[in-house]
Structure formats: structure tokens, C-alpha cells
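Chemist: The numbering used here puts the first residue of the sequence shown at 2, with every later residue one more than the last. Every residue gets a Cβ at the ideal spot worked out from N, C-alpha and C, and that includes glycine. Starting off with a structure, shown below.
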Amino acid sequence: EALPVASEDFVKAGEPHIVFSQDQNVLRFNNVCVGLETGLSLHLRNNGLVPCEVTVTSVHNTPRSAFHFEPSRFTIMSHSELSFRVSFVPTQIGTFTEELRVQVVVPEQFKPQMLITTLIGKAHIPQVQVTRPPRPSTCEAAATTLEFPPTLVGQSSCERLVFVNKI
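Here is the structure:
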């Protein structure tokens, strides 16, 4: 029984830290900062002669899903293509695994058909490192200090401070 929706171009383009493994049927969202959103569009094509209804959901074992789908319900007309967005929006550190279920209902068929893909999202907090002023190489564990020259009352002096997110 073939799906009227072709998925060979399921993932066309994503951000650098989103990887789709076709062999394993897994969509991975790597190194996403807590509180930020990253996502990509998944494309479906209806090769059939009649429109089909599509519902996008996920199965998860947490109270709230870390993945969002937009739109979650839509119709693909015959010989047409539509896309929906899958976003990973972590609210805490950790690895989140869910099962993406794309249900396709074709009016002339009795049973809906499913496209199932595993979603994995890894969330972290930023790993900030001070790169300027440089730290002495012998004291890597020492705290970085900013030293200002003597400054007269009512005057000001500035020092440059540079942070880099290591992840």
C-alpha cells in the first residue's frame, strides 16, 4: 500500500545543527541553547488524484512536547506539494526524543496511513569563555580580572571584555 504522499525530498534544507539520517529515519537537532528555537521545513508531495488531509503530531513521554509543528493540520491538493515546519524549543537542559507522526487520510481509502520519524533534540546552556583580556597560561583555573589604570574622580576609563560561546 503506497502513500499518496511522496517523502523522498522530506528534508530539503535546514540549519547547520539539524541533521536528517535517512537510513535511521531520525531527525536530530544538535546543540540548541535552552530558550531558543531552531527548526526546518519538511516537504510532502501528493502524487495522487484526490486531495489528502494531513495531521502532524508527536508521541512524547514528557508533560509538554519540546517540538512544535506549524501547521499541524492541512490539506494537500492532488499533484501538489506543501511543507510544514518542525521546531525544537527546549525549556531545560537534556536530550529529548519523540516520535513524529504524519497521518495522511485519503478519502477513497479506509485506513489512514502514517509517516513516522524519530525526533531527537539536544539542549544545553551556553558555555561562555572570556577571550579578552587574555588569561595567563600558567593559571588557567584562575579568575579573569580587569585592571583599570588610576582614574580621577569624574573621569572614566574603559577596558575591552570579549565573551565567546564555545558551543
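(1) Would you please state the rounded distance, in angstroms, between the beta carbons of threonine 56 and serine 81? I believe it to be under 8 Å.
(2) Tell me which same chain residues have a C-beta within less than 7 Å of the C-beta of serine 59, skipping the five on either side of it?
(3) Helix, strand or coil for valine 35 per DSSP?
(4) Can the beta-carbon of valine 33 be found less than 8 Å from the beta-carbon of glycine 122?
(5) Using the beta-carbon count (16 or more within 10 Å), is valine 87 buried or exposed?
(6) Would you say glutamine 104 and methionine 115 are within 8 Å of each other, going by their C-beta atoms?
(7) Let's see if you can read the secondary structure: which residues bound the beta strand (DSSP E) around lysine 167?
(8) Does DSSP put glutamate 148 in a helix, in a strand, or in coil?
(9) Please name the residue or residues paired with glutamate 160 in a DSSP beta bridge.
(10) Note down, in chain order, each residue of its chain lying with its Cβ closer than 8 Å to the Cβ of threonine 152, except the 5 sequence neighbours on either side.
(11) My guess is that histidine 18 and phenylalanine 30 are in contact by the Cβ rule of under 8 Å, so how many angstroms apart are they, rounded?
(12) Short check: CB of valine 90 to CB of valine 51, under 8 Å?
(13) Checking 8 Å against the spacing of the C-beta atoms, do asparagine 48 and threonine 118 come in under that value?
(14) So, is phenylalanine 70 buried or exposed, given that buried needs 16 or more other C-beta atoms within 10 angstroms?
Modeler: Let's see:
(1) Incorrect: roughly 17 Å between the Cβ atoms, too far for contact.
(2) Ser66, Phe68, Glu99, Glu100, Leu101, Arg102, Leu120
(3) coil
(4) yes
(5) buried
(6) yes
(7) Element bounds for lysine 167: n/a, residue is neither H nor E.
(8) coil
(9) None; glutamate 160 has no bridge partner.
(10) Ser158
(11) 7 Å
(12) no
(13) no
(14) buried
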